[in-house]
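Chains W, E and C, in that order, are what the protein sequence lines are. Under the numbering used here, the first residue of the first sequence is numbered 1, with each subsequent residue one higher. Under the numbering used here, the first residue of the second sequence is numbered 1, with each subsequent residue one higher. Under the numbering used here, the first residue of the third sequence is numbered 1, with each subsequent residue one higher. The C-beta atom is built at its ideal place from N, Cα and C for all residues, glycine as well.
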Amino acid sequence: MSSETTAGPAESTGPVERLHIAGLHAATDAVLSVRDLNVRFNTENGVVHAVRGVDFDLLPGKTLGIVGESGSGKSVTSLAIMGLLPATAEISGSVRLKGRELLGLSDKAMCEYRGNELAMVFQDPLSSLTPVYTVGTQITEALTIHNPTMSRQAKEARAVELLAMVGIPSPKDRLRAFPHEFSGGMRQRVMIAIAIANNPRVLIADEPTTALDVTIQAQVLEVLHRAQEETGAAVVMITHDLGVVAGMADEIMVMYAGKPVETGEVDEIYYNPRMPYTMGLLGAVPRVDVAEKTSLVPIEGMPPNLLHQPTGCSFAPRCPLVSDACLAGEPALAPVAGGVQHRAACIKAESLGGADVDVQDVFAAPPVPVSRFDSIPRTERSTVLQLKDVRKHFPLTRGALFKRRIGTVKAVDGLSFDIREGECFSIVGESGSGKTTTLLEIMEFHKDQDGEVVIGGISNKQAVDAKTKSAMRRELQMVFQDPTGALDPRFTVYEVLAEPLQNVGMDRPAIRKRIMELMKLVGLQPDHVNRFPNQFSGGQRQRIGIARALAVNPKLVVLDEPVSALDVSVQAGVINLLDKLRAELGLSYLLVAHDLSVVRHISNRVAVMYLGKIVEIGEVDRVFDNPRHPYTRALLSAIPVPDPQLERTRERIILQGDLPSPLDAPKGCNFATRCPVFAALPPAKQEKCLTLEPPLEPVAPSAATQALEAAPVPSPDQRFACFFPDGELDEDMLVVHEPADHHAP
Amino acid sequence: MTNLNAVDPAAAAQDAHLENADVVIGKNTIIFRRFMRNKTAVAGLAIFLALTLFSFVGGYFTQWDKETIDPFNIGMPPSAEHYLGTSQAGIDLYAMTVEGTRISILIGLIVGLVSVLIAAVYGCTMAYFGGKVDKVMLFVLEALIMMPALLVVAVATSGGGEGLKRDLPSWLLLIIVLLVFSWMGTARLIRSLSMSLMQRDFVKAAQYMGVPPRRIVWRHLVPNIGSLLVLDITRGVTGAILAEVAFSFIGIGIKVPDVSLGVLIGGATSQVQTFPWMFWVPLTVMFLLTGSLAMMNDGLRDAFDPSSSSSGKARKTKARRISAETATMKKKAS
Amino acid sequence: MLKYLARRGITYLVMIFLTTSAGYFLAVSTLKPALLEQERIPRPTPEQVATSMRLKGLDPELSPWERYVEWLTAIVTRWDWGRSPNGAFINAEFGDRVWISTRLFLASIILTLIIGVALGVYSAARQYKFQDRVITSYSYLAYIVPAPIAYFLVQLGAININETVGQRIFFVTGISTPGMEPGWEQFVDMLAHYAVPTIAITLVGWGSYQIAQRQYLLDNVNADFVRTARAKGLTRNQAITRHALRVSFIPVAQSIAFTIPAIFAGGFFAEKIFAWPGVGSWSIDAISLQDVNAATATLAYGSVIFALGAILADFATTLVDPRVRVQ
């Protein structure tokens with residue numbers, strides 16, 4: 001794997017010779033070669049230098065992963081290659097496709113390449129297809145443009161073939177469907193079908209799975225993989241998620257502030273990073289497959305403003321290893337001694353190699369906080385929240401204009417669980433599984449709800465007067481997903497934090513004092529209270545949201561996707577803060593997140609939801625290390641981990657299709673329609689799944705444990721709802737990416 | 001709202017350090033600066049203010065008033081005695097224009113302000129109560145939209161209503177009728193806007209904190225639809241002035257002896273050839289009035305809307321696309 | 001779909017009924033035709049007036065409620081909308097009026113729509129260029145001129161042309177010259193009568209469509225799906241005309257659908273200025289002639305047209321936007 005990536009000349013030459021040699025070399029080997037790409041935008045505030053000196057060679061059939069946070073210039077790079085930037089962008093450098101220069105071509109001249117040899121898949125599948133044309137029309141259009149002589153029948157046949165290739169069932173009928181009749185995942189498949197319609201030599205995928213659920217992400221990545229195999233295209237994969245590219249990429253380019261700061265072969269980057277930023281990024285991501293309890297690596301500060309030409313290393317203001325030398329001129333991307341194809345833009349790159357460098361030490365990760373409740377057995381702690389058979393059913397209507405009721409959605413269907421003092425309980429599942437509705441049901445808290453919600457000993461059935469309700473509001477507060485939307489843009493931080501305090505009738509001096517405390521608690525400077533939310537970065541805004549939730553000293557904080565809107569490097573700081581607060585203040589959390597790595601990192605217990613029901617619940621390490629329900633297994637398997645070797649070899653379960661409409665929910669097990677175990681069961685056993693609803697039952701202690709222990713052991717904290725947890729998985733849903741064989745046994 | 005502009009100097013210094021100059025300014029200051037940077041809008045504001053001033057103090061610069069007949073100057077073109085000439089009946093046009101401008105501006109301002117107020121109250125109530133109340137109020141609103149306003153104007157001002165006409169000057173009657181038919185569109189807009197605001201996380205956060213609904217409406221909803229209200233006021237003022245002119249022009253709005261720009265223009269149509277000044281002078285004033293309002297409205301819209309770029313260079317759009325692009329990158333699936 | 005339409009239809013029927021009833025009460029309590037009768041020469045006695053009114057179903061002695069019941073019964077049972085104070089039957093006059101309004105507005109509204117939408121597209125494609133600025137400024141100018149004044153100015157212009165040329169090319173008022181023999185002469189006469197109103201209404205009308213179409217198109221020019229189309233290999237202009245234009249037309253189609261029934265309802269201002277006795281000017285004349293029944297009838301007609309427009313707009317949306325179609 002190592003030597004086959006880029007046998008280019010850059011291997012043996014320095015950066016100075018690079019440009020010169022590139023011209024000689026590109027025509028033969030690299031299908032796409034980019035040299036010294038620079039993009040500038042003139043804005044009201046000045047010139048934004050969005051991309052600064054990007055170089056790479058892409059060999060046929062290989063995959064380059066471009067990794068960076070928002071604003072790092074990775075998307076602008078891809079648009080510059082495609083020639084899709086607005087005409088006023090100043091682009092310099094060279095982009096050669098099979099030796100032909102693309103920069104400077106007119107829009108019309110570029111059209112010969114776009115969609116033909118050079119294709120692109122965009123991030124947001126919901127808005128990327130024209131709403132008024134059928135999917136078939138949009139695929140056929142891509143064929144017509146580059147094959148004007150192709151017959152109608154041939155184009156239709158090809159469109160059907162393409163849809164089948166990207167895994168859309170009954171492709172012939174779906175040709176006449178409109179984009180809005182497709183789910184997000186399906187639309188992204190259509191986008192891929194359009195992109196590969198003319199067998200491109202280079203396929204650029206710009207965050208193709210960012211807007212999708214993990215299970216759908218796994219499907220789409222699989223489709224991309226297959227598309228690459230079928231067409232032999234070289235792929236540029238742009239992402240912020242180090243996990244997504246780990247298994248796919250041959251080479252990685254890490255971008256920061258518009259500039260590549262580390263490039264190299266994939267294993268080198270993941271296992272031997274030399275640039276502190278890369279090290280930080282890798283350390284900032286929690287791992288779903290490791291039960292470790294270490295703090296995440298936080299990268300302080302925020303990316304620089306691209307309006308200003310950096311005088312030193314652009315990462316220096318956030319770098320823990322910064323020295324005066326770092327500020328004297330921006331370091332060039334230089335080869336790293338001992339590394340194959342490995343270059344880093346850091347003057348300390350040489351000293352950062354080797355196993356003795358611990359990223360935790362480098363970034364001064366805080367110690368793992370310990371809560372006073374951790375030592376008390378769970379059963380002896382008091383209950384802060386209890387749900388008893390909570391249900392929420394919505395009428396389902398169809399059509400935007402002509403609404404009519406076509407059934408009932410059981411968004412939450414008989415949910416029971418409890419949260420004890422000092423613990424973090426998480427709910428995971430795909431979107432549509434009912435996890436957010438569960439939160440809303442808890443937050444709404446009124447007596448007409450179906451089922452009982454008990455918060456700090458107050459039941460919703462007693463919530464008739466305002467007094468009981470306000471007593472409950474002091475026990476329970478919420479942190480929202482989007483930190484920007486959750487803060488009134490017209491309030492200063494002081495006003496934001498004062499609102500809950502005024503509401504409980506605190507007097508002015510006390511409010512002032514409390515706000516100062518809160519600011520310090522969440523790691524913000526107390527003298528920033530007079531600023532407006534838009535003057536803070538995303539991570540800081542989320543800290544304000546957390547401070548507001550903590551203002552009235554609640555026992556339980558509900559966290560709705562608290563870090564999903566944040567950049568990777570910022571996310572770690574917020575997770576560490578949440579961890580610290582739970583320990584210091586003895587808080588309990590109810591967390592809803594789609595990112596299972598985050599869930600594993602901070603929760604004690606977890607519930608997996610599917611179509612409004614809990615299918616597996618228990619202690620987080622038990623559930624994640626030994627999942628019993630096939631859905632939990634599929635969910636865990638869908639998460640890519642930032643470990644290239646593991647990603648390349650591991651077996652993964654790819655669920656078929658989307659989350660079914662809750663209307664189609666079968667009588668028996670909800671999951672049967674997508675279940676990999678069900679698919680492999682003999683018909684007699686399938687019958688059981690289809691007719692009986694599996695109850696949530698505890699895991700039986702294993703025979704080995706029982707044999708060893710004399711007395712009966714208490715059953716472990718893990719329950720699941722499946723009749724055949726040990727059943728074999730269906731082969732069609734198992735995928736292993738070994739270069740040679742496809743379907744592993 | 002009072003301390004919106006109170007930027008802590010220490011914080012300001014901090015931000016200067018952050019080298020991010022454009023984020024330290026309060027929102028209202030930004031809006032004000034954007035408006036002031038728009039030359040057209042500022043010119044519009046100046047013209048409008050000048051006309052208003054003229055309509056109130058202009059009368060002091062002439063000895064004539066809108067009723068006195070000058071028997072020696074009948075149908076005379078502009079002269080030193082009569083700055084803008086006289087009508088066929090010998091009444092000073094300057095005096096009439098001052099009076100007419102005042103009435104027109106008055107009608108515009110009152111209708112513009114009050115209709116937005118009605119709309120805000122009505123729209124917020126609908127959004128706030130929702131459910132059945134919303135349905136009934138929406139029905140009433142749509143029924144009113146359906147009613148041809150002009151007909152009612154005509155009935156109220158020209159048909160019967162003798163009693164009304166005796167007690168109220170025709171301009172007040174017109175104001176009332178215009179008011180009844182001018183607020184529905186805005187009310188509907190405010191309703192949908194408040195409804196979407198109610199869905200915003202910061203409103204939910206306040207609800208989950210137990211903040212009483214009335215306070216949420218006052219502290220979170222009203223300030224956030226403020227920009228829309230301001231825009232609708234200028235639009236409403238223009239609309240009312242235009243409506244007055246149109247109605248009076250065809251003879252069903254304001255009636256003599258009351259004077260307005262519409263009455264002056266309408267009355268002079270038959271004499272454009274003979275007494276052109278009688279037609280063109282009030283028409284020019286009307287253009288200045290509605291034109292200046294339109295210029296202001298344009299500037300205000302630009303100032304309020306961070307994504308608008310109608311004022312200038314295509315360059316702005318790109319920066320925005322980049323930031324939009326980076327913003328979408330942050331979006332992950334929920 | 002049908003059920004939905006039926007429900008909308010019923011809602012609108014109720015609304016029409018309510019507005020019309022409210023209009024009737026307003027009219028019956030403010031309009032006093034008997035007062036006008038008394039100004040006739042020779043002056044009739046109050047008894048004579050009352051009798052004549054009673055014969056036409058306009059008895060002033062009855063209470064508004066009694067008259068309302070009478071009026072409503074006549075409509076419901078005989079579809080008889082009553083009579084004017086001069087004795088004319090509303091039902092009979094109605095058809096003529098609608099036909100005149102239609103003739104006045106049909107051509108100009110079609111022109112307005114075509115010119116407005118075309119200029120909108122053209123100016124959006126040349127955003128911030130000279131042509132765009134001129135076209136869009138014109139539209140804003142049209143917005144700040146009251147319609148009757150604009151019509152009057154066009155009339156003035158036509159009169160000036162007539163005077164400059166020295167012969168009557170355009171008629172600025174009226175529908176046709178009476179007593180014309182059918183043939184070429186009459187056709188020329190018709191053109192001379194139609195030209196000024198049609199041009200005036202078109203000039204005033206297209207602005208709002210131009211601004212709307214321009215804005216909607218600009219909103220879509222940088223949409224993600226246009227980028228996708230370009231990534232397929234379409235040039236920017238091709239991507240905009242094939243993809244953005246179609247999407248931007250959705251809201252415009254809706255407002256066009258709303259406009260079409262209005263052709264038949266006429267416009268007060270244009271009919272008044274150009275002296276075409278259509279529905280619009282009828283409603284105003286009805287008021288000055290203290291004609292309760294005619295005023296109410298035009299009001300009812302206006303409400304029906306509005307409701308039709310709203311339903312048609314829904315239809316148009318389903319036609320052009322697949323997202324709202326019911327599968």
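Residue range of the alpha helix (DSSP H) that includes A782/W: Because chain W is modelled from 1 through 745, residue 782/W falls outside the range shown and cannot be assessed.
Considering only their Cβ atoms, is the gap separating G309/C from P261/C smaller than 7 Å? A distance below 7 Å separates the beta carbons of P261/C and G309/C.
Taking 7 Å as the threshold (C-beta atoms), are P171/W and A164/W in contact? Yes. Within cutoff.
Checking contacts by CB at 7 Å: is V235/C closer than that to chain W? According to the sequence as given, residue 235/C is Thr; it is not Val. So, interface residue.
Could you check if V95/W is buried or exposed, using at least 16 other CB atoms within 10 Å of its CB as the buried criterion? Buried, by the Cβ-count rule.
Assigned secondary structure, S426/W (DSSP; H/G/I helix, E/B strand, else coil): Strand, per DSSP.
So is N38/E buried or exposed if we call it buried at 16+ other beta carbons inside 10 Å? By the Cβ-count criterion, N38/E is buried, with 16 or more other Cβ atoms from all chains shown falling within 10 Å of its own Cβ.
Quick check: the Cα distance between V259/E and L93/E, rounded to an integer number of angstroms? Each residue's alpha carbon lies about 11 Å from the other.
What does the alpha-carbon distance come out to for the pair A109/W and A229/C? C-alpha of A109/W to C-alpha of A229/C: approximately 15 Å in a straight line.
At the 7 Å Cβ level, is F139/E part of the contact set with chain W, yes or no? No, because no Cβ of chain W sits closer than 7 Å to the Cβ of F139/E.
Is the closest heavy atom of the ligand FAD to the C-beta of L58/W under 6 Å? The ligand FAD is not among the ligands present in this structure, which contains no ligands whatsoever.
Where the alpha helix (DSSP H) containing A680/W begins and where it ends: According to the DSSP assignment, A680/W belongs to the alpha helix (DSSP H) that extends over 676-680.
Give me whichever residues DSSP pairs with A607/W in a beta bridge. In the DSSP assignment, A607/W is bridged to I427/W, I617/W.
Around the C-beta of L24/W, are 16 or more other C-beta atoms found within 10 angstroms, so that it is buried, or is it exposed? With a pLDDT of 37 at L24/W, under the threshold of 50, the modelled position of this residue cannot be trusted, and the question is left open.
Is the number of C-beta pairs between the region 49-68 of chain C and the region 98-108 of chain C that are closer than 8 Å three or more? Counting Cβ pairs under 8 Å, fewer than three are found: no touch.
Flag this pair as yes or no: are the beta carbons of G538/W and L566/W separated by less than 7 Å? Taking 7 Å as the Cβ cut-off, G538/W and L566/W qualify as a contacting pair.
Which residues DSSP lists as bridging R343/W, in chain order: Partner(s): T263/W, P335/W.
Can you pull the chain W neighbours of N224/E, defined as C-beta to C-beta under 7 Å? Under the 7 Å cutoff, chain W gives R490.
Would you tell me roughly how many angstroms separate the C-alpha atoms of I168/W and Q656/W, rounded to the nearest one? Note on geometry: alpha-carbon atoms of I168/W and Q656/W lie some 10 Å from one another.
With DSSP as the reference, label V370/W as helix, strand or coil. DSSP places V370/W in coil when its eight states are reduced to three.
In chain E, what lies closer than 7 Å to M443/W by C-beta? Going along chain E in sequence order, the residues near M443/W (Cβ under 7 Å) are Y208.
So which residues of chain W does F287/E contact, with C-beta pairs closer than 7 Å? When 7 Å is used as the limit between beta carbons, F287/E is near no residue of chain W, the shortest such separation being about 33 Å.
Under DSSP, the beta strand (DSSP E) around H49/W begins and ends at which residues? In the DSSP assignment, H49/W falls within the beta strand (DSSP E) that extends over 46-58.
Note the first and the last residue of the continuous alpha helix (DSSP H) segment covering D732/W. Counting along the chain, D732/W falls outside any alpha helix (DSSP H), and DSSP gives it neither H nor E.
Name the chain E residues whose beta carbon is nearer than 9 Å to that of S470/W? Those within 9 Å of S470/W in chain E are G210.
With M209/E and P500/W assumed to form a contact (beta carbons below 8 Å), what rounded beta-carbon distance in angstroms separates them? For a cut-off of 8 Å, the C-beta gap from M209/E to P500/W is around 4 Å, short enough to register as a contact.
Cutoff 8 Å; reference S84/C; Cβ partners in own chain excluding five residues on either side: Sequence-distant Cβ neighbours of S84/C in its own chain, meaning closer than 8 Å and more than five residues away, are K56, I90, E93, A286, L289, D291, N293, A294.
Run through DSSP, which three-state label would M255/W get? Here DSSP, grouped into helix, strand and coil, assigns M255/W to strand.
So, do the region 218-227 of chain E and the region 242-250 of chain E have three or more beta carbon pairs nearer to each other than 8 Å? Three or more Cβ pairs closer than 8 Å define a contact, and the region 218-227 of chain E falls short of that threshold against the region 242-250 of chain E.
Measure the CB-CB distance between V51/W and G73/W and report whether it falls below 7 Å. Yes; because the gap between Cβ atoms is below 7 Å, this pair is in contact.
Do Q645/W and E561/W count as a contact pair if the criterion is CB distance below 7 Å? Not closer than 7 Å, so no.
Between which two residues does the beta strand (DSSP E) holding A205/W run? Looking at the DSSP string, the run of the beta strand (DSSP E) that includes A205/W is 202-206.
Between the beta-carbon of I69/E and the beta-carbon of G90/E, is there less than 7 Å? G90/E sits close to I69/E, with the two beta carbons spaced by under 7 Å.
Under 8 Å Cβ to Cβ from P71/E, same chain only, skipping five residues before and after it: list those, please. Result list for P71/E: G90, in chain order.
Report the rounded CA-to-CA distance for A307/C versus F225/C, giving the unit in angstroms. Cα to Cα, the separation comes out at about 35 Å.
What are the uninterrupted segments assigned as alpha helix (DSSP H) that are 4 or more residues long and contained completely in the region 6-40 of chain C, given in chain order? The region 6-40 of chain C contains these whole alpha helix (DSSP H) runs: 33-37.
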